[in-house]
Amino acid sequence: MPVWSSSVTRGDDGVLAVGGMDVRTLAAEHGTPLYVVDEADFRVRAAAFRDHFTAAFGRHRAKVDVFYAGKAFLASQVAGWMREEDLCLDVASRGELEIALRGGMPPERIGLHGNNKAEDELRRALSVGVGRIIVDSFTEIEVLDALAREMGVTAPVLVRVTTGVHAGGHEYIATSHEDQKFGLSLASGAAYDAMLACHDAVGLNLLGIHTHIGSQILSIDAFRESADRMLRLRAAFMADTGAALPEVDLGGGYAIAYTEDAEALEPSVAAYEIADAVASVMDPIGGEWPRFSIEPGRAIAGPAGLTVYTVGVTKDVKLDEGGSRQYVAVDGGMSDNPRTIMYGAEYHAEVASRVSDAPLTLSRVVGKHCESGDIIVRDVQLPEDTRRGDLLAVAATGAYGRSMASTYNAALRPAVVAVRDGASKVLVRRDTLEDLLSWDVAGD
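Residue numbers (our numbering): -12 to 431.
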């Protein structure tokens, strides 16, 4: 499975280029570590979800919206790309909301998520007129209803439902089993009761229901089972109350390939199978279909990005079981990509600044932080002559790199640049020492 974005090439000199730009030029202009986003690839992936899901649900005369999940990676220019590609945008904080608005995303095309939304977040969402607020608890329903009545508006809401369908990779990114913080349980009846509370609340307009079952999902079976439970809940509630419930959000979680031997869930396949699975439930139930929505974030941003590092120290370490491993230390680490230490994520890396005829050897790419777990790529084959000054590129880092980056060890977070047609532009500037020191409050 290809792990690099579609414009990545490698010349006879072994140098990697993305969007028509040599990585050596990018590193010289912007420094390293550096997040690089292939803008054309990013847009093509967004359009693929839009077009395939529109066509797939259109066969059943149903409508579908694609909400790009901003938590994967969000900058105001990215919000602008999504607006131009006719996607909607999903945000999970006041900060993400402000970035989306700054990028010109119409508020009615924004959805606000979160299991513990602050009052100021809800007020801001109501004041700008976001298209939907996904409520996650009875407390939030009460608070939002009171705020909406106080402000003289009606809050458009979806109830987040925990369907009990567990899918995806690491347990921390599976989001629809019972014992976790998100949503309201279908099995216990809490979801139904929350829907009833929203339906009865004067300040709320219950649009429908929402679920998200996990991340890095490869099997359509999980989506099929989740959709079945959601649509039967909707039908039962409508029959009991006469409510319309015009929207159903099926979430996201489509897997991408992080390594060359990994699989991905392609939108051209997922769209038609999910639409047909929905039809197999809706057709026997009958009645008007709701407007559906999905939330790909990682599947758009992840493959469209890579990270460029500069190699510092290399060393060979003998293994207890025999043989050795080459450790390649770069100028970043867990501060710019925590997914390896958090989730055991796997990545692919290559020397990107020259050709090497040296044999490949088992290697581990590590950072410069004071943690033995500061690993970026756990196992990868790199040339034996990998050396100080080489540029190393790590594939498929467009999602959850910059958005989860930290300043651990007072590190400076890398810049994010977009490349297209041989030119680069900064999406998010690099932290500076002045930034770092400005956050520190000196004593008298």
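Glycine residues also receive a C-beta, built at the ideal position from the N, C-alpha and C atoms. Fair warning: this is a prediction, and the values are worked out from it, not measured in the lab.
Check, Outcome
"Cβ contact check for the region 382 to 392 and the region 274 to 291: 3 or more pairs under 8 Å", "yes"
"Start and end residues, beta strand (DSSP E) containing residue 167", "Premise fails: residue 167 is in no beta strand (DSSP E) and is neither H nor E."
"Entirely enclosed alpha helix (DSSP H) segments - the region 225 to 277, minimum 4 residues", "254 to 272"
"For residue 192, the residue or residues it bridges with in DSSP", "143"
"Three-state secondary structure assigned by DSSP to residue 60", "coil"
"Segment limits, alpha helix (DSSP H) that includes residue 83", "81 to 89"
"Range of the contiguous beta strand (DSSP E) that encloses residue 348", "347 to 353"
"Residue 416 classed as buried or exposed, judged by whether at least 16 other C-beta atoms fall within 10 angstroms", "exposed"
"Closest by C-alpha distance to residue 398, when choosing among 24, 28 and 323", "323"
"Classification of residue 118 by the beta-carbon crowding that lies within 10 angstroms, buried from 16 upward", "buried"
"Chain-order list of residues whose beta-carbon lies under 6 Å from that of residue -9 (same chain, five-residue window excluded)", "382"
"Distance between residue 351 and residue 218 (C-alpha atoms, nearest Å)", "46 Å"
"Residue environment, residue 419, which counts as buried when at least 16 other CB atoms sit within 10 Å", "exposed"
"Cβ neighbour criterion (16 or more within 10 Å) applied to residue 349", "exposed"
"Nearest-angstrom Cα separation, counted from residue 321 out to residue 378", "18 Å"
"Inter-residue spacing [alpha-carbon to alpha-carbon] between residue 319 and residue 356", "8 Å"
"Backbone CA spacing between residue 411 and residue 150 [nearest angstrom]", "44 Å"
"Residue 207 vs residue 256 beta-carbon contact at 9 Å", "yes"
"Residue environment, residue 271, which counts as buried when at least 16 other CB atoms sit within 10 Å", "exposed"
"Coil, strand or helix - residue 411 by DSSP", "strand"
"For residue 299, the three-state DSSP class (helix, strand or coil)", "strand"
"Where residue 162 falls, given that 16 or more other Cβ within 10 Å makes a residue buried", "Unreliable placement is indicated for residue 162, whose pLDDT of 46 sits below 50; no coordinate value is reported for it."
"Residue environment, residue 25, which counts as buried when at least 16 other CB atoms sit within 10 Å", "buried"
"Whole-angstrom distance between residue 242 and residue 392, CA atom to CA atom", "21 Å"
"Element boundaries [beta strand (DSSP E), containing residue 380]", "378 to 382"
"Sufficient close CB pairs (3 or more, under 8 Å) joining the region 109 to 126 to the region 77 to 89", "yes"
"For residue 387, three-class secondary structure by DSSP", "coil"
"Outcome for residue 98 when other beta-carbon atoms lying within 10 angstroms are tallied against a minimum of 16", "buried"
"Beta-bridge partners of residue 280, as assigned by DSSP", "52 and 236"
"Nearest-angstrom Cβ-Cβ length linking residue 433 and residue 313, presumed shorter than 8 Å", "The requested residue 433 is not part of the displayed model; the chain covers only -12 to 431."
"Three-state class that DSSP yields for residue 78 in the structure shown", "strand"
"Residue range of the beta strand (DSSP E) that includes residue 174", "It is not in any beta strand (DSSP E) - residue 174 carries neither H nor E in the DSSP assignment."
"Anticipated Cβ contact below 8 Å, residue 194 with residue 181, distance rounded", "Contact flag wrong, Cβ pair sits at about 13 Å."
"Residue -4 - DSSP class collapsed to helix/strand/coil", "strand"
"Cα-Cα separation, residue 225 to residue 232", "7 Å"
"Close beta carbons around residue 159, own chain, < 6 Å, minus the five adjacent residues each side", "Caution applies to residue 159, whose pLDDT of 37 falls short of 50 and renders its modelled position unreliable; the value that the coordinates give is listed next. Excluding residues within five positions, none has a Cβ falling inside 6 Å."
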